[in-house]
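The block underneath contains the structure these notes are about, expressed in structure tokens.
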Amino acid sequence: MVQEYGLFVGGKWRKSEGKRFETRNPATSEILATFPSATKAEVDESAHVAKAAFEKWKKTPAPRRGELMLEAARIFRRKKEDLARVVTTEMGKVLAEGRGDVQEVIDFYEYAAGEGRRMFGETTPSELPNKMCLTVRMPVGPVGLITPWNFPMAIPAWKSGAALIAGCPFVLKPSSLTPLCAAKFVEVLEEAGFPPGVVNMLTGDGAVVGDGLVAHPDIRAISFTGGVETGKHVYESAAKKMIKVGLELGGKNPILAMEDANIELLMDGVMFGAFGTAGQRCTASSRLIVHQKIYDQVVDELVERAEKLRVGNPIDPKIDMGPVASADQEKKVLEYIEIGKKEGDKLLTGGQKLKGGAYDKGFCIAPTVFAVDRTKRLAQEEIFGPVLSVLKARDFDDAVAIANSVRYGLSSSIYTNDLRWAFRAMNDLEAGITYVNAPTIGAEVHLPFGGTKETGPTDTREAGTTALDEFTYWKTIYVDYSGRLQRAQIDTEKIVGA
Ligand code: TXE
Numbered sequence: 002m003v004q005e006y007g008l009f010v011g012g013k014w015r016k017s018e019g020k021r022f023e024t025r026n027p028a029t030s031e032i033l034a035t036f037p038s039a040t041k042a043e044v045d046e047s048a049h050v051a052k053a054a055f056e057k058w059k060k061t062p063a064p065r066r067g068e069l070m071l072e073a074a075r076i077f078r079r080k081k082e083d084l085a086r087v088v089t090t091e092m093g094k095v096l097a098e099g100r101g102d103v104q105e106v107i108d109f110y111e112y113a114a115g116e117g118r119r120m121f122g123e124t125t126p127s128e129l130p131n132k133m134c135l136t137v138r139m140p141v142g143p144v145g146l147i148t149p150w151n152f153p154m155a156i157p158a159w160k161s162g163a164a165l166i167a168g169c170p171f172v173l174k175p176s177s178l179t180p181l182c183a184a185k186f187v188e189v190l191e192e193a194g195f196p197p198g199v200v201n202m203l204t205g206d207g208a209v210v211g212d213g214l215v216a217h218p219d220i221r222a223i224s225f226t227g228g229v230e231t232g233k234h235v236y237e238s239a240a241k242k243m244i245k246v247g248l249e250l251g252g253k254n255p256i257l258a259m260e261d262a263n264i265e266l267l268m269d270g271v272m273f274g275a276f277g278t279a280g281q282r283c284t285a286s287s288r289l290i291v292h293q294k295i296y297d298q299v300v301d302e303l304v305e306r307a308e309k310l311r312v313g314n315p316i317d318p319k320i321d322m323g324p325v326a327s328a329d330q331e332k333k334v335l336e337y338i339e340i341g342k343k344e345g346d347k348l349l350t351g352g353q354k355l356k357g358g359a360y361d362k363g364f365c366i367a368p369t370v371f372a373v374d375r376t377k378r379l380a381q382e383e384i385f386g387p388v389l390s391v392l393k394a395r396d397f398d399d400a401v402a403i404a405n406s407v408r409y410g411l412s413s414s415i416y417t418n419d420l421r422w423a424f425r426a427m428n429d430l431e432a433g434i435t436y437v438n439a440p441t442i443g444a445e446v447h448l449p450f451g452g453t454k455e456t457g458p459t460d461t462r463e464a465g466t467t468a469l470d471e472f473t474y475w476k477t478i479y480v481d482y483s484g485r486l487q488r489a490q491i492d493t494e495k496i497v498g499a
């Protein structure tokens, strides 16, 4: 029987007044569960509940908040295999990657829990005697977390882990393509025993729940991962309330292959970076920029490798690449393939939906490689599917110019054994992340994650200690224990030597 989920508000699963929608397996079209589309009244209610919970949660000592997170991490570890199967079944990434999604949850919750005993501020000398100055992090209040479908447990974990340890209750609004993953995620937090109202989840329309949370006066920060247009819209509405907004909006991430690159290593990296998660990662290696001297060799090997990838139902451990996540994603990727053909890009392999037998029930697209000119749309726009654009560069400077010619700036990579190129790339590539001799994917949870340009504003970074910045503000505290009025900047000279 298909399970019917409700909303999670105030520590309870409850019914909704909204219409219901289905979530399906993108490999088989099987219905997995149904969920409600929360109404505006339910958005208001969840924000009020989160606000009420904030009063107690902010006063719960941060190490105690961390203990609950460690308990959640233990449960995630115990349930890892089951949860990984939910990720694979609902989102379509292969099982090894489904396990990776859950491992990121465990890693980040453990890491963030430790922040409960750090969350360092500063102490500095005062300019006046018998006075001390310090800074402490303050939680901003209840927050809204709006998440996409491509890392359906890891992204909710990155955002919620930082919010929880900072002292902020949250309302999670997951993508309507992966509500089951979000529900399973929330069930673990429920089992871990977070106080009622600290953890809330509303499923439903972006325009009702997403917009509703961003505009709600009780919601004091938004962390959003998704498409650029939606992200800009969220940014604008949040600006009207002057609240913090974390935005992570995708990329067109380049791998630069220099003439001295280890080709075997490069190929392993490109395959993983371009076709892992069927190319649906914000950090996917979607452009391969190759030095002209090795271009022909790289292209030949690339085509051979891409054609060997086994595409199909990702629950089967023999499969290398699963389907794209939905009919809409499939349509978008196939449209881009048509655009490439119309613009005169050279299709080197793939370029079609896979059909026949089990393929007819899902959204599998052949791993696709195009040789592309730098100004073409396939060289510039995020496709978010298993389509790799290969570009030819004259030399290092030309490769960097191509890499930096796009509107995004999330991840980047260079394959070379020459220190000069490696270090110059670290400086010259316009991106929040640069890898050397590794593909553009593979972020680790204890380091800042985010980009520049239209990937998102540079003032927030997920993961790492920087994750706290999304959900806290600095308070500066002055403690005067001189027992008399001391006036900074005014008549200080009288005090000196007093
Ligand atoms: O994203 P949306 P979609 C890119 C990728 C993909 C495209 C569209 O190129 O093909 O975006 O994907 C919620 N106010 N990325 O349609 O719509 C929505 O319900 C507030 C890259 O899935 O941006 C979901 O929870 N929220 C990205 C979330 O926003 C709104 C990962 C993201 O959905 C809203 C995913 C609104 N008005 C897609 N409308 C990455 N950076 O990795 C929708 N939402």
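In my numbering, the protein residues as written are 2 to 499. Where a beta carbon is used, it is the ideal one built from N, C-alpha and C, also for glycine.
### Simplified DSSP assignment, three categories, for D429
Position 428 of the sequence shown, counting from 1, holds the residue named residue 429. Helix.
### Query
If we count the other Cβ atoms within 10 Å of its Cβ and call it buried at 16 or more, is G351 buried or exposed?
Along the sequence shown, read from residue 1 onward, the residue named residue 351 stands at position 350. Buried is the call here.
### Task
Leaving aside the five residues before and after G67 along the sequence, list all residues of the same chain whose C-beta is less than 8 Å from its C-beta, in chain order.
For the purposes of this step, residue 67 is identified with residue 66 of the sequence shown, where counting begins at 1. Excluding positions up to five away in sequence, the list reads A113, A114, G115, E116, G117, R118, I166.
### Query
Distance, Cα to Cα, V1 vs T24?
This structure does not reach residue 1, given that the chain is present from 2 up to 499, and the question cannot be answered.
### Message
If contacts are defined as beta-carbon pairs under 8 Å, then V144 and S224 qualify, I think. What distance do you get, rounded to the angstrom?
### Response
As a working mapping, residue 144 is identified with position 143 in the sequence shown. As a working mapping, residue 224 is identified with position 223 in the sequence shown. About 7 Å separates the beta carbon of V144 from that of S224, a gap short enough to meet the 8 Å contact definition.
### Message
Following a CB-centred definition, is D317 positioned closer than 7 Å to any heavy atom of the ligand TXE?
### Response
The residue you call residue 317 lines up with position 316 of the sequence shown. No - the ligand TXE has no heavy atom lying nearer than 7 Å to the Cβ of D317.
### Query
Which stretch, first to last residue, makes up the beta strand (DSSP E) that contains E23?
Position 22 of the sequence shown, counting from 1, holds the residue named residue 23. Note, E23: beta strand (DSSP E), 21-25.
### Query
What is the residue span of the beta strand (DSSP E) that I220 lies within?
Counting from 1 along the sequence shown, the entry for residue 220 is found at position 219. In this chain, I220 is not harboured by any beta strand (DSSP E), its DSSP state being neither H nor E.
### Message
With H, G and I counted as helix, E and B as strand and the rest as coil, what does DSSP make of A39?
### Response
By 1-based counting over the sequence shown, the position of residue 39 is 38. In the structure shown, A39 sits in coil (DSSP, three-state: anything other than H, G, I, E or B).
#### Entry: Heavy atom of the ligand TXE within 7 Å of C1 beta-carbon
Outside the displayed range of the chain (2 to 499) lies residue 1, so it cannot be described from this structure.
### Query
For V10, which residues of its own chain have a beta-carbon under 7 Å away from its beta-carbon, when the five flanking residues on both sides are left out?
What you label residue 10 is simply residue 9 of the sequence shown in a count that begins at 1. Taken in chain order, the residues that qualify are E46, S47, V50, N201.
### Query
Is L392 closer than 8 Å to I525 when the C-beta atoms are compared?
What the structure shows of the chain is the stretch from 2 to 499, and residue 525 is not part of that stretch, so it cannot be assessed.
### Task
Can you check DSSP and say which residues form a bridge with G145?
Position 144 of the sequence shown holds residue 145. In the DSSP assignment, G145 forms a beta bridge with V172, I223.
### Message
Following a CB-centred definition, is L250 positioned closer than 7 Å to any heavy atom of the ligand TXE?
### Response
On the sequence shown, residue 250 is found 249 positions in, with the first residue counted as 1. For the ligand TXE, at least one heavy atom lies less than 7 Å from the Cβ of L250.
### Query
Relative to the ligand TXE, is the shortest distance from any of its heavy atoms to the C-beta of I147 smaller than 7 Å?
Position 146 of the sequence shown, counting from 1, holds the residue named residue 147. Between the ligand TXE and I147, a heavy atom-to-CB distance of less than 7 Å is present.
### Task
Compute the Euclidean distance between the alpha carbons of T124 and T136, then round it to the nearest angstrom.
Indexing the sequence shown from 1 puts residue 124 at position 123. Indexing the sequence shown from 1 puts residue 136 at position 135. Answer to the nearest angstrom: the Cα atoms are 7 Å apart.
### Task
Using 7 Å as the cut-off, classify the Cβ of F186 as near or not near the heavy atoms of the ligand TXE, replying yes or no.
What you label residue 186 is simply residue 185 of the sequence shown in a count that begins at 1. Checking the Cβ of F186 against the ligand TXE gives no.
### Task
Please name the residue, chosen from T29, S30, A28, T35, that lies closest to G19 on a Cα-to-Cα basis.
Within the sequence shown, the letter at position 18 stands for residue 19. Taking each of T29, S30, A28, T35 in turn and checking the Cα distance to G19, the smallest one comes out for T35.
### Query
Is there at least one non-hydrogen atom of the ligand TXE closer than 7 Å to the beta-carbon of T226?
Looking up residue 226 in the sequence shown gives position 225. Yes.
### Task
Could you tell me whether any non-hydrogen atom of the ligand TXE is closer than 7 Å to the CB of G211?
Numbered from 1 along the sequence shown, position 210 holds the residue referred to as residue 211. It does: the Cβ of G211 is within 7 Å (strictly closer) of some heavy atom of the ligand TXE.
### Message
Tell me which residues share the same chain as L250 and place their Cβ nearer than 6 Å to its Cβ, disregarding the 5 neighbours each side in the sequence.
### Response
If you number the sequence shown from 1, residue 250 lands on position 249. These residues qualify, in order along the chain: V229, G232, T456, G457.
### Task
Rank P175, L146, L257, Q298 by C-alpha distance to the C-alpha of D399 and give the top, closest one.
Mapped onto the sequence shown, residue 399 falls at position 398. Per the Cα distances, L257.
### Three-pair Cβ contact test at 8 Å for the stretch 402-419 versus the stretch 333-345
Counting Cβ pairs under 8 Å, fewer than three are found: no touch.
### Message
For a quick check, are the C-beta atoms of A63 and G168 less than 8 Å apart?
### Response
Within the sequence shown, residue 63 is the residue found at index 62, counting from 1. Within the sequence shown, residue 168 is the residue found at index 167, counting from 1. Yes. Within cutoff.
### Query
Below 8 Å between beta carbons: does that hold for I338 and V388?
What you label residue 338 is simply residue 337 of the sequence shown in a count that begins at 1. What you label residue 388 is simply residue 387 of the sequence shown in a count that begins at 1. Yes, they are a contact pair.
### Task
Measure the alpha-carbon distance for D419 versus T435 and round it to whole angstroms.
Reading the sequence shown from its first residue, position 418 is the one you call residue 419. Reading the sequence shown from its first residue, position 434 is the one you call residue 435. In this structure, the straight-line span from the alpha carbon of D419 to that of T435 is close to 16 Å.
### Cβ-Cβ distance between M133 and V446 below 8 Å
Looking up residue 133 in the sequence shown gives position 132. Looking up residue 446 in the sequence shown gives position 445. For the 8 Å CB-CB criterion, M133 and V446 do not form a contact.
### Message
Is any non-hydrogen atom of the ligand TXE found closer than 7 Å to the C-beta of P175, if you look at the structure I gave you?
### Response
On the sequence shown, position 174 is the one that residue 175 refers to. Indeed, a heavy atom of the ligand TXE lies less than 7 Å from the Cβ.
### H234: CB within 7 Å of a non-hydrogen atom of the ligand TXE
Sequence index remark: in the sequence shown, residue 234 carries index 233 (1-based). True, at least one ligand heavy atom lies under 7 Å from that Cβ.
### Task
Measure the CB-CB distance between D206 and A155 and report whether it falls below 8 Å.
Residue numbering aside, residue 206 sits at position 205 when the sequence shown is read from its first letter. Residue numbering aside, residue 155 sits at position 154 when the sequence shown is read from its first letter. No, the Cβ-Cβ distance between D206 and A155 is not below 8 Å.
### C-beta contact flag for G277 and E463 at 8 Å
Within the sequence shown, numbered from 1, the residue matching residue 277 stands at position 276. Within the sequence shown, numbered from 1, the residue matching residue 463 stands at position 462. No, the pair does not count as a contact, with Cβ atoms beyond the cut-off.
### Query
In terms of alpha-carbon separation, which member of E308, K354, A275 lies closest to S412?
Here the question's residue 412 lines up with position 411 in the sequence shown. Relative to S412, the option among E308, K354, A275 whose CA is nearest is A275.
#### Entry: contact_flag[the stretch 424-439, the stretch 71-85] where n(CB pairs < 8 Å) is 3 or more
No: fewer than three Cβ pairs fall under 8 Å.
### Query
For the alpha helix (DSSP H) that contains H234, what are its first and last residues?
Position 233 of the sequence shown, counting from 1, holds the residue named residue 234. In the DSSP annotation of this structure, the continuous segment of the alpha helix (DSSP H) that includes H234 starts and ends at 229-242.
### Task
With a 10 Å radius around its C-beta and 16 neighbouring C-beta atoms as the bar for buried, classify A262 as buried or exposed.
Here residue 262 refers to the residue found at position 261 when the sequence shown is read from its first residue. Under this definition A262 is a buried residue.
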